[in-house]
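Trainee:
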Amino acid sequence: MITVHHLNNSRSQRVLWLLEELELPYEIVRYERDAKTMLAPPALRRVHPLGKSPVLTTDDGLVLAESGAIVETVIERFGQGRMTPPAGSPEALRYRYWLHYAEGSAMPPLLLKLIFDKIESSKMPFFAKPIAKAIAGKAKSSFITPNIATHLDFMEGELGKSEWFAGDAFTGADVQMSFPVEAAQARGGLDASRPKLMAWLARIHARAAYKRALERGGPYGLLS
Ligand SMILES: N[C@@H](CCC(=O)N[C@@H](CS)C(=O)NCC(=O)O)C(=O)O
Numbered sequence: 003m004i005t006v007h008h009l010n011n012s013r014s015q016r017v018l019w020l021l022e023e024l025e026l027p028y029e030i031v032r033y034e035r036d037a038k039t040m041l042a043p044p045a046l047r048r049v050h051p052l053g054k055s056p057v058l059t060t061d062d063g064l065v066l067a068e069s070g071a072i073v074e075t076v077i078e079r080f081g082q083g084r085m086t087p088p089a090g091s092p093e094a095l096r097y098r099y100w101l102h103y104a105e106g107s108a109m110p111p112l113l114l115k116l117i118f119d120k121i122e123s124s125k126m127p128f129f130a131k132p133i134a135k136a137i138a139g140k141a142k143s144s145f146i147t148p149n150i151a152t153h154l155d156f157m158e159g160e161l162g163k164s165e166w167f168a169g170d171a172f173t174g175a176d177v178q179m180s181f182p183v184e185a186a187q188a189r190g191g192l193d194a195s196r197p198k199l200m201a202w203l204a205r206i207h208a209r210a211a212y213k214r215a216l217e218r219g220g221p222y223g224l225l226s
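Taking the numbering used here, I'd label the letters of the sequence shown as residues 3 to 226.
1) For Ala42, which residues of its own chain have a beta-carbon under 7 Å away from its beta-carbon, when the five flanking residues on both sides are left out?
2) Between which residues of its own chain and Thr60 is the CB-CB distance below 6 Å, once the five residues before and five after are set aside?
3) Using 7 Å as the cut-off, classify the Cβ of Lys54 as near or not near the heavy atoms of ligand 1, replying yes or no.
4) So, helix, strand or coil for Gly70, using DSSP?
5) Would the beta-carbon of Glu105 be found less than 7 Å away from any heavy atom of ligand 1?
6) Decide yes or no for the touch test of the segment 211-226 against the segment 138-153: beta carbon pairs closer than 8 Å, at least 3 of them.
7) Could you pull out every residue in the same chain whose Cβ sits closer than 7 Å to the Cβ of Tyr212, ignoring the five residues on either side in sequence?
8) What three-state label does DSSP hand Leu9 in the structure shown?
9) With respect to the beta strand (DSSP E) encompassing Leu58, which residues constitute its N-terminal and C-terminal limits?
10) To which residues does DSSP link Trp166 through a beta bridge?
11) Quick one: give me the first and last residue of the alpha helix (DSSP H) that Leu189 is part of.
12) Taking DSSP as the reference, what is the three-state secondary structure of Glu34?
13) Over what stretch of residues does the alpha helix (DSSP H) that includes Ser219 continue unbroken?
14) DSSP beta-bridge partners for Val65?
15) If you check the beta carbons only, do Leu182 and Ala71 fall under 8 Å apart?
16) For Leu203 versus Gln187, is the C-beta distance shorter than 8 Å?
17) May I have the straight-line CA-CA distance separating Pro88 from Asp119, to the nearest angstrom?
18) By alpha-carbon positions, which one of Ile137, Ala130 and Leu192 ends up nearest to Thr152?
19) Spell out a yes or no on whether the segment 63-78 and the segment 126-139 are touching, meaning 3 or more CB-CB pairs, one atom from each, closer than 8 Å.
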């Protein structure tokens, strides 16, 4: 049996979605973020030393973290050729590219945005507030916001070439890309001015497996 160690409102939602797409049986062990810090509970460290979600475990002793590695491994082991382009095709290279790009390139500026937004709005002594605001504002205007925009333009352009990230077929690359694109819509300025990305989001959200994964995973804040 496959077990997904699932943190609410997190990247593990896309692992549930992948398993629903492949119609594989799985169980969920749930973890709740600390309401104040938003961090995962210590119990997750007993599953994997980093204590982050997702982690996937199997009865035969596999303990796998890192969502890109999970998506790739699940498709390789259990996909029976589904959700991955034919080996050696140009699409296979694109598939690999997006699997890495999602966490390696797209997420870092979005995470920085989240951190600096929090710094701006967090409680602190009154005399520190203007300094913190000025530093956060400068980091966002000079680096973070333009970087996010460059990534969004790039993704928009790529989706102008084909319906799905790796080509004309829906693959694990679309599952892996869902989190950064959803995060960009929630807090990175993605809106109707990038119609290809918005249409792609509408397509993934309309999939029956995506909806089933939401039902099993529970509330998913990035969509609200
Ligand atoms: N690159 C990792 C990131 C894992 C990660 O940061 N997960 C977040 C959830 S979206 C987490 O567990 N946060 C809680 C914490 O850091 O305590 C992946 O894609 O799996």
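Just so it is clear, CB atoms sit at the ideal spot from N, CA and C, and this is done for glycine as well.
Mentor: Taking the structure as given:
1) Counted from its first residue, the sequence shown places residue 42 at position 40. Once the five neighbours on either side are set aside, the close Cβ partners of Ala42 are Leu9, Tyr33, Arg35, Gly53, Lys54 and Ser55.
2) Position 58 of the sequence shown, counted from the start, is the residue given in the question as residue 60. Cβ within range, chain order: Ile4.
3) As a position in the sequence shown, residue 54 is number 52, starting the count at 1. Within the cutoff, so yes.
4) Your numbering for residue 70 matches position 68 in the sequence shown. Of the three classes helix, strand and coil, the one that applies to Gly70 here is helix, per DSSP.
5) Here residue 105 refers to the residue found at position 103 of the sequence shown. Yes, the Cβ of Glu105 comes within 7 Å of a heavy atom of ligand 1.
6) Result no; under three Cβ-Cβ pairs closer than 8 Å.
7) Within the sequence shown, numbered from 1, the residue matching residue 212 stands at position 210. Trp19 and Ile206.
8) Numbered from 1 along the sequence shown, position 7 holds the residue referred to as residue 9. Looking at Leu9 - three-state DSSP - the assignment turns out to be strand.
9) Taking the sequence shown and counting its residues from 1, the one referred to as residue 58 is at position 56. Element bounds for Leu58: Val57 to Thr60.
10) Position 164 of the sequence shown, counting from 1, holds the residue named residue 166. Paired residue(s): Gly169.
11) The residue labelled residue 189 in the question sits at position 187 within the sequence shown. Residue 189 is actually Arg in this sequence, not Leu. Unbroken alpha helix (DSSP H) run through Arg189: Gly174 to Arg189.
12) For this step, residue 34 is matched to residue 32 along the sequence shown. Three-state result, Glu34: coil.
13) Indexing the sequence shown from 1 puts residue 219 at position 217. The question names Ser, but residue 219 is Gly in the sequence shown. Counting along the chain, the alpha helix (DSSP H) containing Gly219 begins and ends at Ala210 to Gly219.
14) Along the sequence shown, one-based indexing puts residue 65 at 63. Thr59, per the DSSP bridge assignment.
15) Within the sequence shown, residue 182 is the residue found at index 180, counting from 1. Within the sequence shown, residue 71 is the residue found at index 69, counting from 1. Here residue 182 turns out to be Pro, not Leu, going by the sequence shown. Taking 8 Å as the Cβ cut-off, Pro182 and Ala71 do not qualify as a contacting pair.
16) The residue labelled residue 203 in the question sits at position 201 within the sequence shown. The residue labelled residue 187 in the question sits at position 185 within the sequence shown. Contact flag set, yes.
17) Against the sequence shown, residue 88 aligns to sequence position 86. Against the sequence shown, residue 119 aligns to sequence position 117. Distance between the alpha carbons of Pro88 and Asp119: 42 Å.
18) To locate residue 152, count along the sequence shown from 1; it is residue 150. Minimum Cα distance to Thr152 is reached at Leu192.
19) no
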